[in-house]
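Take a look at the structure set out below.
Numbering (the numbering used here), first residue to last: 12 to 262.
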């Protein structure tokens, strides 16, 4: 028996709903994958390797933020290019990953197309979080699911750290009692305008999972410092007006 070609009432309803949604519904921006969760890594001390960086970057257009096994180094990946920062004897060093580097904590997405908008006014932490949400919503990106974002422009103030066996934020909120290594994190503070890039993830309702408690964004900075490109976890940042904010182009 040949399949019927007469549209059913269900089929017509489905098509109508799909057309209506295409006209006005926000769509998931892109798939976000989480390796390790902040709570289990920072509070429970589960610092084992979970994903090789070489496995992540073999596919183009990777964007990610995270930390390597044993909280030994910070890693940021922007459009497939990975940068790792570490601390040795109190000195900050950075460069590409080496074979065998594996992350214990990594938030990852692959983005080929972006939607961009200029920052209309200067933004601090909370304003930046809200602005990213608004730009995503205006672009048609569903903000009830995690999505990556990139900000590029002038950073007017920045506090960031590079882990070194322990996370300096692990003593707050739900991460209290985290197992800490004997080494101190490297703290970098800039109070003068500096060109840089922020790569991060916006995630509602994922505190203790993708983000620290009290925030919906997990952000790393990539910038030039003392003649080299470094990266680290952002604790505080202010961005000048005119910076470009990019969110995934809705599919």
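All residues carry an ideal CB built from backbone N, CA and C; glycine is no exception.
Nearest residue (CA-CA) to residue i, options the options
i           : options            : result
residue 173 : 122, 212, 141, 231 : 231
residue 204 : 254, 50, 41        : 254
residue 132 : 233, 105, 198, 165 : 165
residue 7   : 144, 171, 51       : The structure shown does not extend to residue 7, since the chain spans only 12 to 262, so no value can be given for it.
residue 176 : 221, 78, 242       : 78
residue 329 : 81, 249, 244, 151  : An answer regarding residue 329 cannot be provided, because it is not within the stretch 12 to 262 covered by the chain.
residue 180 : 119, 73, 245       : 245
residue 239 : 52, 106, 135       : 106
For residue j and residue i, the rounded distance between their alpha carbons
i           : j           : result
residue 216 : residue 227 : 7 angstroms
residue 67  : residue 261 : 22 angstroms
residue 58  : residue 47  : 9 angstroms
residue 129 : residue 121 : 22 angstroms
residue 153 : residue 258 : 11 angstroms
residue 115 : residue 84  : 10 angstroms
residue 100 : residue 168 : 26 angstroms
residue 235 : residue 209 : 12 angstroms
residue 141 : residue 155 : 14 angstroms
residue 162 : residue 171 : 16 angstroms
residue 186 : residue 109 : Note that residue 186 has pLDDT 38, beneath the 50 cutoff, so the model's placement of it is unreliable and no number is given.
residue 69  : residue 223 : 29 angstroms
Assumed close pair residue i, residue j - CB separation to whole angstroms, cut-off 8 angstroms
i           : j           : result
residue 87  : residue 76  : 6 angstroms
residue 146 : residue 256 : 5 angstroms
residue 197 : residue 103 : 5 angstroms
Host beta strand (DSSP E) of residue i (start-end)
i           : result
residue 68  : No beta strand (DSSP E) contains residue 68, which is instead part of the alpha helix (DSSP H) from 64–68.
residue 222 : Taken as a continuous stretch (DSSP letters only), residue 222 belongs to no beta strand (DSSP E), as it is neither H nor E.
residue 99  : 92–99
residue 242 : 239–250
residue 200 : 197–201
residue 84  : 84–89
residue 256 : 255–259
Per DSSP, cross-strand counterpart(s) of residue i
i           : result
residue 165 : 206
residue 45  : 118
residue 170 : 200, 247
Endpoints, the alpha helix (DSSP H) within which residue i is located
i           : result
residue 143 : 136–150
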